[in-house]
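2 protein chains.
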Amino acid sequence: MQITGCNFIGAEESKRGERTFKAFDPAAETELAPQFHEATSQEVDAAILKAEQAFASYSRRSGLERAAFLEKIADEIMALGDALLQRCSEETGLPLARLTGERGRTVGQLRMFAQLLREGSWVDARIETAMPDRQPLPKPDVRSMRRALGPVGIFGASNFPLAFSVAGGDTASALAAGCTIVVKAHPAHPGTCEMVARAILSASQKSGMPDGTFSMLQGKSNDVGMAIVTHPLIKAIGFTGSFTGGKAIFDAANRRPEPIPVYAEMGSSNPVFILPGAMKKHSAAIAKGLAGSVTLGVGQFCTNPGLVFQMDAGDLTAFQSALSEAFQKAPSATMLTPQIHAAFQDAVASTAAQKGVNILASGAQTAGLQGVPHVLQTDAASYIENQQLEDEIFGPSTLSVTAKNKAELLDIASKLHGHLTATLWATDEDLESHTELIHTLERKVGRLIRNGFPTGVEVCHAMVHGGPFPATTDSRTTSVGTAAIDRFARPVCFQNFPDKLLPDELKNTNPLGIWRLINGEMSKGLL
Amino acid sequence: MQITGCNFIGAEESKRGERTFKAFDPAAETELAPQFHEATSQEVDAAILKAEQAFASYSRRSGLERAAFLEKIADEIMALGDALLQRCSEETGLPLARLTGERGRTVGQLRMFAQLLREGSWVDARIETAMPDRQPLPKPDVRSMRRALGPVGIFGASNFPLAFSVAGGDTASALAAGCTIVVKAHPAHPGTCEMVARAILSASQKSGMPDGTFSMLQGKSNDVGMAIVTHPLIKAIGFTGSFTGGKAIFDAANRRPEPIPVYAEMGSSNPVFILPGAMKKHSAAIAKGLAGSVTLGVGQFCTNPGLVFQMDAGDLTAFQSALSEAFQKAPSATMLTPQIHAAFQDAVASTAAQKGVNILASGAQTAGLQGVPHVLQTDAASYIENQQLEDEIFGPSTLSVTAKNKAELLDIASKLHGHLTATLWATDEDLESHTELIHTLERKVGRLIRNGFPTGVEVCHAMVHGGPFPATTDSRTTSVGTAAIDRFARPVCFQNFPDKLLPDELKNTNPLGIWRLINGEMSKGLL
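Chains as they are written, first to last, in our numbering: chain A, 1 to 527; chain B, 528 to 1054.
Listed below in structure tokens is the structure:
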């Protein structure tokens, strides 16, 4: 497949802009052909207008039709074969094995949402039947279900060039909900974006979806993104990336004459708490597993455990020496972009220079854009008085914080801001003697993990990849798992509508055989 | 029951402030004793701190305990007897019969949420069981459910002094979700607020709920409200009232260092579309029903139908003369406050002075603070070119707009902003020949009504009392009906937790017997 550097206004290829940029190979430290054309404001407008026009038709396609479309996208991505993985690896420095796995997750997500649509109950259909003779007033027939919000703007992340990018979780869930989408391609992997865009457009055409269901715009400056966020026809935003980027989008969306929801997942430090019993029993295994989790994918995961809290008890010395050893042995690897590499180096240096902080261990220094694993350490008092230390460092590093006692650990937990996850290493006895800590952490995160590591987010019905601000801008949602679809729909109620004009989901005969709440009772039956 | 004019910091009565105000009887146009003390910033802080302290305990009470608490609140409100209705009528000008009905709705809502808690499935429990042998990676045990957000600030509305006030739908749903609450009493009915607050506090004490589960603060200025909205421990806001008030709260909440969700229901013009077949068949009945809906409760409902669109066809003349007659006969009645009365008069006069608009009919002029029913009329072209005409007029008036043809009607619909409801008067043939209109309206509102009127919001599982901005600040939610509880919770995920430390809702044995999504299948069973 040829990569041309164009924008996609629906199926139309467009290169009207004069601003261009190239992809960059962080391993070879060279630019990659071809030139990409940043979308002009006219191209942004045209794509969004097409998305609006397509919405009327696309949003009313049946769940089965949308399911077939999602499955076709998965097929078309697989049909890109090794060329996709090759280009993606060149643009990101990520190894082919990792990208093969990520492609599996990407097509798996698309198929999972297809299955959700085939099952059909996600619409939360609710039916209350009329009681015309009720006193003092008759009860009307009232039925409600979720309907798509409208055209959605989607911003992919640099760190998951497939699973959180053009055909990632936001795209899969928004298309599943019935929204048309305009994707802002990530400038760190624009060629990968173009290849996947072509796969989606091919699937769209083969599935008979209206032109404009999917568009993709290239751009290196913030202008294209802001033009999407502030466009009156855009009704929601999905974003995965930095706090700075996500917060700027959130603020712009709220300043619109018509504010819109922004689902920004902005990363997290994913605190790990090692309780005394677990430390005594498993210090070596925890140290080894932690080093693996911190350095997985060069630490470039939202769920990278960047903070580790333990008490000055149990096998602390053994733990720290095991941790040192594991980090000294941990391999360095190429980071996604020169900017990310530089930011990582700066953040490690700046953290190491904070009062009471020192470097416990690091991997071997290397040349180029390789991220060198680091484990830093400090005491709880120094940590508590320095807010900066809670901030995420994007890359293979973690900060080990030693508390004097249980009270200090609880104090740390109670002062945490929102994170995606918190992890407890704890024996049953630890858990029972630390319920207040667990309850405190529950208020701070979307996911609590016991005796594991936060990396490796299971894509399933029960996953919550979200959490209180600043981890995300909307703690009521998840961006991974089937519940992600809820972000792109809202309930609509039909009162006294004739059966044949109701959506199939709300018809008396329940033609789709879905679960519905009928007069307060869950049922797959008909009326 | 004596009304003392105090604030309630949990159960503690407090009058530290020097700013005072009195309630006003709009029928007698006199002030009512006693003096109410506006809460100081210290009192606001104290109430919110108590709410935070109570949250740890209250949020972990079982659904059954919270249900019993809600039912006890209902009982305590009923136990206030006629004294509550009497004071409420004095403060609002609303007749006792109406307030008796509204009290029924208020206690009915509390009991409805109690029933929802007893049933228990609202938490959206999801369980994915572990697959330790899965290749290439084991699947962890992942379980999620909704948990309460934290302390919530609630602002009641002037127009429903019971059902959308201190013990209204926001309070019932937030307490049901497990949130502690700090209510800002409405200065238009502060005595009613105090009586209901005492009922809630009595129920809280009798049910053994922690002190601080409920607090209430009085205030006439915006300072108290803004202090609640901007307090770092407050995690969500429920509001019903004007666009100006709701938008100011929304903006302040989004400017916080930690933005929080704001559920502001800000009213609506509730457009009614009368299609030709229905006009031909039912013009007299529609006119009569419409006048009844517009003037119900002196037009002081969020669902008051303030815009009526019809085509210049069918029985238009008969309709308009029936409408005139109905409005001429419609009784005037006392409005809630002098400010609301003055704003209504100004808005009617200003609308009547717009180009192309004239008064079709009005009720008899009266003295005092009575709202006089008005029906104004214009043509579609004048309406379309004047955005002001879409704005809600709070009071007993409506604007009848005549379109030349179907295309003009569709143009009007497509240009509507968000509203709570849209109503269609339509025969089956009308509906079939206006699908584009129906689909267009579906994108603009939370509830579509056929051959009825938008006033009279059924409190049930399927109701959606919400809609796109500016009707509300969050179209994904409803403030009436059981789904209102979802606003005050977020999903939390537990990975690899031991069964005995999981919430009951997620335990293997399903001790609460609730519906759960187990590995993708809805089930009431155990594992």
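Don't be surprised by glycine CBs; every beta carbon is placed ideally from N, CA and C.
On a predicted model such as this, the values are computed, not experimentally measured, just so you know.
Pairing A/Ala177 with B/Pro981, the inter-Cα distance amounts to about 28 angstroms. DSSP places B/Asn885 inside the beta strand (DSSP E), whose first and last residues are 885 to 889.
At a cut-off of 9 angstroms between beta carbons, B/Thr1005 contacts chain A. When 8 angstroms is used as the limit between beta carbons, A/Asp428 is near these residues of chain B: Pro1025, in chain order. Each residue's CA atom was taken as its position, placing B/Glu540 and B/Asn534 some 6 angstroms apart. B/Leu947 is the residue among B/Ile787, B/Arg1014, B/Ala594, B/Leu947 whose C-alpha sits nearest the C-alpha of B/Ala998. By the CB criterion at 9 angstroms, A/Leu389 and A/Ser382 fall inside the cutoff.
In this structure, DSSP gives B/Ile761 a state outside helix and strand, which the three-state scheme calls coil. In this structure, DSSP gives A/Asp379 an extended state, which the three-state scheme calls strand. B/Leu644 is the residue among B/Leu644, B/Thr547, B/Glu598 whose C-alpha sits nearest the C-alpha of B/Ser589. Non-local C-beta neighbours of A/Ala361 in its own chain, meaning closer than 6 angstroms and more than five positions away in sequence, comprise Ser324, Phe327, Gln328, Val375, ordered along the chain.
Given a length threshold of 3 residues, each whole run of the beta strand (DSSP E) inside the segment 795 to 822 of chain B is given here in chain order: 799 to 801. Using a Cβ distance threshold of 9 angstroms, A/Val224 and A/Ile181 do not count as a contacting pair. Any Cβ of chain B closer than 9 angstroms to the Cβ of A/Ile127 would place that residue at the interface, and such an atom is present.
Nearest Cα to B/Glu646 within the set A/Pro276, A/Thr230, A/Gly520: A/Gly520.
Exclusion of the five residues before and after B/Phe777 leaves Val789, Ala791, Thr1000 as the residues of its chain whose Cβ lies within less than 7 angstroms of its Cβ. Secondary structure within the segment 125 to 176 of chain A: the beta strand (DSSP E) runs of 3 or more consecutive residues, fully enclosed, are 126 to 128, 142 to 148, 152 to 155 (chain order). Residue contact check for B/Pro997 against chain A: a CB pair falls below 9 angstroms. At least one C-beta of chain A is nearer than 9 angstroms to the C-beta of B/Lys666. Residues of the same chain with a CB within less than 6 angstroms of the CB of A/Ala284, apart from the 5 flanking positions on each side, are Ala322 in chain order. Classified as exposed, B/Pro784 has fewer than 16 neighbouring CB atoms from the shown chains inside 10 Å of its CB. Using a Cβ-Cβ cut-off of 8 angstroms, B/Met658 is close to nothing in chain A; its nearest Cβ partner there is about 10 angstroms away.
For A/His419, no chain B residue has a Cβ inside 8 angstroms of its Cβ, as the nearest lies near 12 angstroms away. Nearest to A/Phe164 by alpha-carbon distance, out of A/Gln135, A/Ser332, A/Val123, A/Thr240, is A/Thr240. Here B/Asn1035 is exposed: its Cβ has fewer than 16 other Cβ atoms, across all protein chains shown, within 10 Å. A direct Cα-to-Cα measurement between B/Gln562 and B/Ala712 gives close to 14 angstroms. For A/Val492, at least one C-beta of chain B is nearer than 9 angstroms to its own C-beta. Scanning chain A for C-beta atoms nearer than 9 angstroms to the C-beta of B/Cys987 yields Arg126, Glu128, Lys139, Val142, Asn519, Gly520, reported in chain order. For a Cβ distance threshold of 8 angstroms, residue set Val492, Cys493, Phe494, Gln495, Phe497 of chain A lies close to B/Leu975, ordered along the chain. Scanning the segment 552 to 612 of chain B from its first residue to its last, the whole beta strand (DSSP E) runs of 3-plus residues come out as 557 to 564. Along the segment 804 to 815 of chain B, there is no position whose C-beta sits under 9 angstroms from a C-beta of chain A.
Between the C-alpha atoms of A/Ala248 and A/Asn254 there is a straight-line separation of about 10 angstroms. Distance from the CA of B/Arg970 to the CA of B/Asp957, rounded to the nearest whole angstrom, comes to 19 angstroms. Comparing alpha carbon positions, the residue from B/Gln881, B/Ile920, B/Asp906 closest to B/Gly898 is B/Ile920.
Counted as a single uninterrupted DSSP element, the beta strand (DSSP E) harbouring B/Pro1018 occupies residues 1016 to 1022. In the structure shown, B/Lys549 falls within a strand segment according to DSSP collapsed to helix, strand and coil.
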